[in-house]
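Novice:
Numbering (the numbering used here), first residue to last: 1 to 347.
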């Protein structure tokens, strides 16, 4: 009988049994983990296989109503479609999620995403209606008010945009820049005023707020260069360097240029004057040296950077298309080939 219970006579037997049990458990856990991972991958593959080609509206409706996939997953998929520019599919998903009664808790968030997608896709009236519906049920929603402000601005309904600022202000949002910007845009689009009245009011806005330098001086240099030179803050010359570069020689105030190092370097690079032999700005320095060597085939073009979100654009803007910040544009020079308008060709 004792031969059947060796552990009572040999302590090592108990240790061996213990390690055998640990090994069996570890081996089972390992293979169970692999099995679950493969099962998860198969589930993911089945899910992704449905979207190798964009699903139709009917397929989306059936998939959402089946409740096999969570609303969060659908929202992630809709966001992915939106990021890839497939706004139609993104909008279809939001519509079906709103139609599904199980999503009543997230209805406000889904409607906000729908309105945002309509805005990005350029359906401004539809986007406006969505945000108005949100505000009807939830008036204290600053994000919806912000988009409604942008929509009115895009629709050139500047008075309605100004009206949106009042509830935003009451909600504690900073609307100072928006107010000055919209008043300035409204002024520029007021055809009842003549040019002199607009210039006087623009200069008054600039004097009072010291904002919207690019917007105001873009108009002033086009309509009244003399007045623009008189009122331009010399510390802002770099921000409007593209406006200065594109001025005709007759529109330049050489007395002001002679007193500012940056302006002397810029117009020496342009070839209008010969006051500087070099420049701390690489592009200016290169053009100055090329002109000294007799080469006339180089010039400057400009790209535009938002100082807030750092996005780069080939065109100037007054409100950043990406982050919607106001008066954040910075112009950066780029060396390019000289273009001849006479010959309609590059030099």
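From the three backbone atoms N, C-alpha and C, an ideal C-beta is built for every residue, glycine too. As the structure is a computational prediction, the values presented were derived from the model and not from experiment.
Can you tell me which of 316, 125 and 242 puts its alpha carbon nearest to the alpha carbon of residue 299?
Specialist: The shortest Cα separation from residue 299 among 316, 125 and 242 belongs to 242.
Novice: Going by the beta-carbon positions, is the gap between residue 309 and residue 329 smaller than 8 Å?
Specialist: Contact: no.
Novice: With a CB to CB cut of under 6 Å and the five nearest residues on each side skipped, what residues in its chain are close to residue 336?
Specialist: Around residue 336: 299 and 301.
Novice: Would you report the Cα separation of residue 85 and residue 79, rounded to the nearest angstrom?
Specialist: Between residue 85 and residue 79, the C-alpha separation is close to 10 Å.
Novice: Starting from the C-beta of residue 169, find all residues in its chain whose C-beta is less than 8 Å away, skip the five residues before and the five after it, and write them out in chain order.
Specialist: Excluding residues within five positions, the ones whose Cβ falls inside 8 Å are 175.
Novice: Starting from residue 300, follow its DSSP beta bridges and name the residues at the other end.
Specialist: According to DSSP, which records beta bridges pairwise, residue 300 is partnered with 335.
Novice: Let me check understanding here. Comparing Cα to Cα, which of 118, 173, 172 and 179 lies closest to residue 160?
Specialist: Ranking 118, 173, 172 and 179 by Cα distance to residue 160 puts 179 first.
Novice: Anyone know if the C-beta pair for residue 148 and residue 128 falls short of 8 Å?
Specialist: Against a cut-off of 8 Å, the Cβ pair of residue 128 and residue 148 comes out as a contact.
Novice: Between the C-alpha atoms of residue 181 and residue 326, what's the straight-line distance to the nearest angstrom?
Specialist: Near 8 Å, if we compare the C-alpha coordinates of residue 326 and residue 181.
Novice: Quick one: give me the first and last residue of the alpha helix (DSSP H) that residue 120 is part of.
Specialist: Run containing residue 120: 107 to 121, per the alpha helix (DSSP H) assignment.
Novice: Could you spell out where the alpha helix (DSSP H) holding residue 155 opens and where it closes?
Specialist: Residue 155 -> no alpha helix (DSSP H), and no H or E assigned at all.
Novice: Mind checking whether residue 316 and residue 214 have CB atoms under 8 Å apart?
Specialist: It is a contact, given that the beta carbons lie within the stated cut-off.
Novice: Give the DSSP-derived three-state secondary structure of residue 186 in the structure shown.
Specialist: Residue state, collapsed to three classes: helix.
Novice: Since residue 324 is in the alpha helix (DSSP H), which residue starts that stretch and which ends it?
Specialist: No alpha helix (DSSP H) holds residue 324; DSSP gives it neither H nor E.
Novice: Give the DSSP-derived three-state secondary structure of residue 19 in the structure shown.
Specialist: Residue state, collapsed to three classes: helix.
Novice: Which residues mark the beginning and the end of the alpha helix (DSSP H) in which residue 79 is found?
Specialist: Note, residue 79: alpha helix (DSSP H), 71 to 83.
Novice: Quick check: what's the CA-CA separation for residue 25 versus residue 95?
Specialist: Using only the alpha carbons, I get a separation of about 49 Å.
Novice: If the criterion is Cβ atoms closer than 8 Å, does the pair residue 203 and residue 184 meet it?
Specialist: No. Outside cutoff.
Novice: Give the secondary structure of residue 295 by DSSP, where H, G and I count as helix, E and B as strand, and everything else as coil.
Specialist: Of the three classes helix, strand and coil, the one that applies to residue 295 here is coil, per DSSP.
Novice: Buried or exposed: residue 222, going by 16 or more other Cβ atoms within 10 Å of its Cβ?
Specialist: Flag for residue 222 reads exposed.
Novice: Which of the three DSSP states, helix, strand or coil, is assigned to residue 7?
Specialist: Bear in mind that a pLDDT of 49 at residue 7, under 50, signals an unreliable position, so the number given afterwards is only what the model happens to contain. DSSP places residue 7 in helix when its eight states are reduced to three.
Novice: Quick one: residues in its chain with C-beta nearer than 6 Å to the C-beta of residue 229, no 5 flanking neighbours on either side, listed in chain order?
Specialist: For residue 229, where only same-chain residues beyond five positions count, the Cβ hits under 6 Å are 253 and 256.
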